[in-house]
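Residue numbers (the numbering used here): 3 to 85.
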C-alpha cells in the first residue's frame, strides 16, 4: 500500500542510508501538500489527475493515488542511491 511507503519514511531512509544528504519532505497528513504554488501549476497538476481540485479555502491540496505514486518515484530517483 502506498501509505506504508510515505515519502517521510523514505526521507528518513535517505538521510540515514549510505551517507545520503538530508532531504525535505513536503507532504503532511499522508498525502497533502501545501498550496504555495502558482495557480496555473496547480491547475495543470489537477488536469493531469495528480492532485484533487485545488480550488477552495484549504491551504493544502490532496495528492491522488497516481500523484502519490509519481512523487514517490521521483523522490527515489532524485534523493536515494540504487542498491
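In this text, a Cβ means the ideal position worked out from N, Cα and C, and glycines have one as well. As the structure is a prediction and not an experimental result, all values here were calculated from the model.
Inset, instruction - With a floor of 3 residues, list each beta strand (DSSP E) that falls wholly inside the segment 30-67, ordered by position along the chain. - result: 34-36 and 62-64
Inset, instruction - Could you have a look at residue 79 and say whether DSSP puts it in helix, strand or coil? - result: By one-based count along the chain shown, residue 79 stands at place 77. Secondary structure at residue 79: helix, using DSSP grouped into helix, strand and coil.
Legend entry - Per-residue burial, residue 44 [other beta carbons within 10 Å of its own, 16 or more giving buried]: Here the question's residue 44 lines up with position 42 in the chain shown. Residue 44 comes out buried.
Inset, instruction - Tell me whether the beta-carbon of residue 48 lies closer than 8 Å to the beta-carbon of residue 55. - result: By one-based count along the chain shown, residue 48 stands at place 46. By one-based count along the chain shown, residue 55 stands at place 53. Cβ atoms of residue 48 and residue 55: closer than 8 Å.
Legend entry - residue 34 versus 46, 60, 51 and 84, residue with shortest Cα-Cα distance: Your numbering for residue 34 matches position 32 in the chain shown. It is 60 whose Cα lies nearest to the Cα of residue 34.
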